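Peer 1: All residue numbers for the sequence shown refer to full-length UniProt numbering, where the first residue is 1 and numbers rise by one.
Have a look at the structure that comes next, please.
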Amino acid sequence: MNWHNKCSRADINIIDLSPGQQTPCCVSCGEIAPSESKIAAKPTDNEWNIPREPHPRKRNLYWPSSVEYIDENQPEYGNTLIECPKSALNQQVKELNLFDGLRENQKHLIFEKLAGRQTRLLTLSKGELGDPLHIQLKVRPFKAGLEYEALSYTWANDTGKRGATHIVYYGVSWDVIKVTENCANALRRLRYRSRPRTLWVDAICINQEDVAERSHQVDMMAEIYACAKQVVIYLGEQEPTENHEEQIAILCKRPYFSRILVVQELAFARAKRAVCGSKSWDWTEFYLASQGVSWLRHVCDRNF
């Protein structure tokens with residue numbers, strides 16, 4: 001989402017609107033980026049929701065006055081519908097075309113089309129934990145030697161909420177991409193303070209509105225995780241308080257380990273590291289505590 005459409009050349013500064021709330025502002029046009037509170041007011045679930053079809057008599061449809069309408073299957077409705085004024089018809093067509101053009105333009109700005117064996121990688125800009133999240137997206141040929149790390153996580157947070165209520169800023173104009181709270185928290189924990197970091201994150205690197213692309217990239221996911229320099233497992237913000245060995249046993253009971261896709265993501269990974277809040281563990285430490293998850297021991301020692 002571009003929050004300063006009329007700006008020909010964006011010049012972004014970060015301002016403090018209130019203590020602890022840093023917000024991008026464009027010096028060129030004077031616009032201020034929308035806050036996460038506004039985004040949260042209209043959450044999107046990123047799941048396929050099929051809208052309910054209204055009753056035929058409540059659809060408020062119009063039939064062009066220049067065309068005779070005859071419904072042979074339902075003669076009781078008569079042979080005419082409400083006649084629409086030509087001025088209103090032209091206005092509706094204009095608004096529809098304008099909306100479609102804007103929507104397609106915004107998609108094009110963010111998601112460059114993939115061709116063949118290509119994928120997108122995001123570059124996570126450096127920053128402190130509380131700084132706004134900013135990324136760049138690049139299309140790359142998927143081949144040997146491509147350097148990146150892959151994120152493995154759940155879209156839902158510790159309380160089960162998975163609505164896209166948080167913001168990641170993209171590109172030189174700092175356009176808005178909406179992500180789940182868990183995705184945003186994972187990016188904050190993975191962000192370096194002094195240098196950028198190259199990652200593959202499914203919710204951002206795959207155009208979720210393009211069904212064909214999503215299907216194609218899902219088919220490549222085993223290779224994407226297998227070729228990553230490291231797979232980082234994000235287990236949420238709620239850190240376990242037990243001692244070291246008990247911590248890992250508690251983590252193994254998190255909802256993350258009940259996901260079917262986790263088996264694929266971890267089984268093919270060359271190197272793995274787990275992150276929970278400010279703490280992290282090398283994956284080999286999960287070996288001794290993996291009795292509670294039957295398949296986890298095989299993933300730890302790659303005995304498959």
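Where a beta carbon is used, it is the ideal one built from N, C-alpha and C, also for glycine.
It should be emphasised that the depicted structure is a prediction, and the values quoted were computed from it without experimental measurement.
Have a look at S35, L266, Y256, D210 and flag the residue whose alpha-carbon is nearest the alpha-carbon of A222.
Peer 2: For this step, residue 222 is matched to residue 222 along the sequence shown. Cα-wise, what sits closest to A222 is L266.
Peer 1: When you compare the region 117 to 126 with the region 197 to 207, are there three or more beta-carbon pairs, one atom per stretch, that lie closer than 8 Å?
Peer 2: The region 117 to 126 is in contact with the region 197 to 207.
Peer 1: Count the other C-beta atoms from every protein chain shown that fall within 10 angstroms of the C-beta of G163, then say buried if there are 16 or more, exposed otherwise.
Peer 2: As a working note, residue 163 is residue 163 in the sequence shown. Looking at its Cβ environment, which holds 16 or more other Cβ atoms inside 10 Å, G163 is buried.
Peer 1: Tell me the DSSP bridge mates of I14?
Peer 2: Taking the sequence shown and counting its residues from 1, one reaches residue 14 at position 14. Answer is P24.
Peer 1: Under the rule that 16 or more other beta-carbon atoms within 10 Å means buried, what is Y165, buried or exposed?
Peer 2: Residue mapping note: residue 165 aligns to position 165 of the sequence shown, counting from 1. Rather than Tyr, the amino acid found at residue 165 in this sequence is Thr. T165 comes out buried.
Peer 1: Alpha carbon to alpha carbon, how far is E147 from K229?
Peer 2: Within the sequence shown, residue 147 is the residue found at index 147, counting from 1. Within the sequence shown, residue 229 is the residue found at index 229, counting from 1. Spanning the two alpha carbons is a distance of roughly 6 Å.
Peer 1: Ignore the nearest five residues each way along the sequence and tell me which others in F111's own chain have a CB closer than 6 Å to its CB.
Peer 2: To locate residue 111, count along the sequence shown from 1; it is residue 111. Once the five neighbours on either side are set aside, the close Cβ partners of F111 are N207.
Peer 1: Would you mind working out which of R270, R189, I224 sits nearest C205, comparing C-alpha positions?
Peer 2: Position 205 of the sequence shown, counted from the first residue, corresponds to residue 205. If we check each option's Cα against that of C205, I224 comes out closest.
Peer 1: DSSP state of L89, grouped into three classes?
Peer 2: The residue given as residue 89 occupies position 89 in the sequence shown. With a pLDDT of 46 at L89, under the threshold of 50, the predicted position of this residue should be treated as unreliable, though the coordinate-derived value follows. The answer is helix: DSSP assigns L89 an H, G or I state.
Peer 1: Looking only at C-alpha atoms, which of A115, A249, L151 sits nearest to F286?
Peer 2: Within the sequence shown, residue 286 is the residue found at index 286, counting from 1. F286 has its Cα closest to that of A249, out of A115, A249, L151.
Peer 1: In the DSSP output, what is W281 paired with across the bridge?
Peer 2: The residue given as residue 281 occupies position 281 in the sequence shown. DSSP, once it has assigned bridges, lists A274 as partnering W281.
Peer 1: Tell me whether V176 sits in a helix, a strand or coil according to DSSP, three-state version.
Peer 2: Working through the sequence shown from its first residue, we reach residue 176 at position 176. Strand.
Peer 1: Mark T284 as exposed unless 16 or more other C-beta atoms lie within 10 angstroms of its C-beta, in which case mark it buried.
Peer 2: As a working mapping, residue 284 is identified with position 284 in the sequence shown. Exposed, because fewer than 16 other Cβ atoms sit within 10 Å of the Cβ of T284.
Peer 1: Rounded to whole angstroms, what is the Cα-Cα separation between G171 and G236?
Peer 2: Here residue 171 corresponds to residue number 171 of the sequence shown, with the count starting at 1. Here residue 236 corresponds to residue number 236 of the sequence shown, with the count starting at 1. Roughly 27 Å between the two C-alpha positions.
Peer 1: With a 10 Å radius around its C-beta and 16 neighbouring C-beta atoms as the bar for buried, classify E246 as buried or exposed.
Peer 2: Indexing the sequence shown from 1 puts residue 246 at position 246. Counting Cβ neighbours within 10 Å, E246 comes out exposed, since fewer than 16 surround it.
Peer 1: Reducing DSSP to helix, strand and coil, say where V201 ends up.
Peer 2: Mapped onto the sequence shown, residue 201 falls at position 201. Note: V201 maps to coil in three-state DSSP.
Peer 1: In angstroms, rounded to a whole number, what distance separates the CA positions of I12 and V27?
Peer 2: Counted from its first residue, the sequence shown places residue 12 at position 12. Counted from its first residue, the sequence shown places residue 27 at position 27. Their Cα atoms are separated by approximately 6 Å.
Peer 1: Can you find the residues in the same chain that come closer than 8 Å, C-beta to C-beta, to A226, ignoring five residues on each side of it along the sequence?
Peer 2: On the sequence shown, residue 226 is found 226 positions in, with the first residue counted as 1. So the list reads F268, A269, R270, once near-sequence residues are dropped.
Peer 1: What first and last residue would you give for the alpha helix (DSSP H) that runs through Q208?
Peer 2: The residue labelled residue 208 in the question sits at position 208 within the sequence shown. Run containing Q208: none; DSSP gives neither H nor E here.
Peer 1: Enumerate in chain order the residues of its own chain whose CB-to-CB distance from D131 is below 7 Å, with the five nearest sequence positions on each side excluded.
Peer 2: Counting from 1 along the sequence shown, the entry for residue 131 is found at position 131. The answer, listed in chain order, is Q22.
Peer 1: Just how far apart, CA to CA, sit L137 and T154?
Peer 2: For the purposes of this step, residue 137 is taken as residue 137 along the sequence shown, with counting starting at 1. For the purposes of this step, residue 154 is taken as residue 154 along the sequence shown, with counting starting at 1. Roughly 21 Å between the two C-alpha positions.
Peer 1: Taking Cβ to Cβ, would you say A33 is nearer than 8 Å to S173?
Peer 2: Along the sequence shown, one-based indexing puts residue 33 at 33. Along the sequence shown, one-based indexing puts residue 173 at 173. Not closer than 8 Å, so no.
Peer 1: From Q264 to L151, what distance separates their C-alpha atoms?
Peer 2: Here residue 264 corresponds to residue number 264 of the sequence shown, with the count starting at 1. Here residue 151 corresponds to residue number 151 of the sequence shown, with the count starting at 1. If you take the alpha carbons of Q264 and L151, they lie about 13 Å apart.
Peer 1: Please name the residue, chosen from Q118, L133, Y169, that lies closest to Y192 on a Cα-to-Cα basis.
Peer 2: Reading the sequence shown from its first residue, position 192 is the one you call residue 192. Taking only the C-alpha atoms, the option nearest Y192 is L133.
Peer 1: Going by the CB atoms, is the gap between G277 and E239 shorter than 8 Å?
Peer 2: Here residue 239 refers to the residue found at position 239 of the sequence shown. Here residue 277 refers to the residue found at position 277 of the sequence shown. The answer is yes: Cβ separation under 8 Å.
Peer 1: List the residues that DSSP assigns as beta-bridge partners of T123.
Peer 2: Translated into the one-based positions of the sequence shown, residue 123 becomes position 123. DSSP lists Q136, T198 as partners of T123.
Peer 1: With DSSP collapsed to three states, give me the class of L114.
Peer 2: Along the sequence shown, one-based indexing puts residue 114 at 114. Here L114 sits in coil by DSSP.
Peer 1: Quick check: L114 and E213, are their CB atoms within less than 8 Å of each other?
Peer 2: As a first step, residue 114 is located in the sequence shown; it is residue number 114 there, counting from the start. As a first step, residue 213 is located in the sequence shown; it is residue number 213 there, counting from the start. Taking 8 Å as the Cβ cut-off, L114 and E213 qualify as a contacting pair.
Peer 1: Rounded to whole angstroms, what is the Cα-Cα separation between V262 and Y256?
Peer 2: Walking along the sequence shown from the start, residue 262 turns up at place 262. Walking along the sequence shown from the start, residue 256 turns up at place 256. So the alpha carbons of these two residues sit roughly 8 Å apart.
Peer 1: Whose C-alpha, out of K279, E36, C252, A156, is nearest the C-alpha of R189?
Peer 2: Position 189 of the sequence shown, counted from the first residue, corresponds to residue 189. Considering only alpha carbons, the answer is K279.
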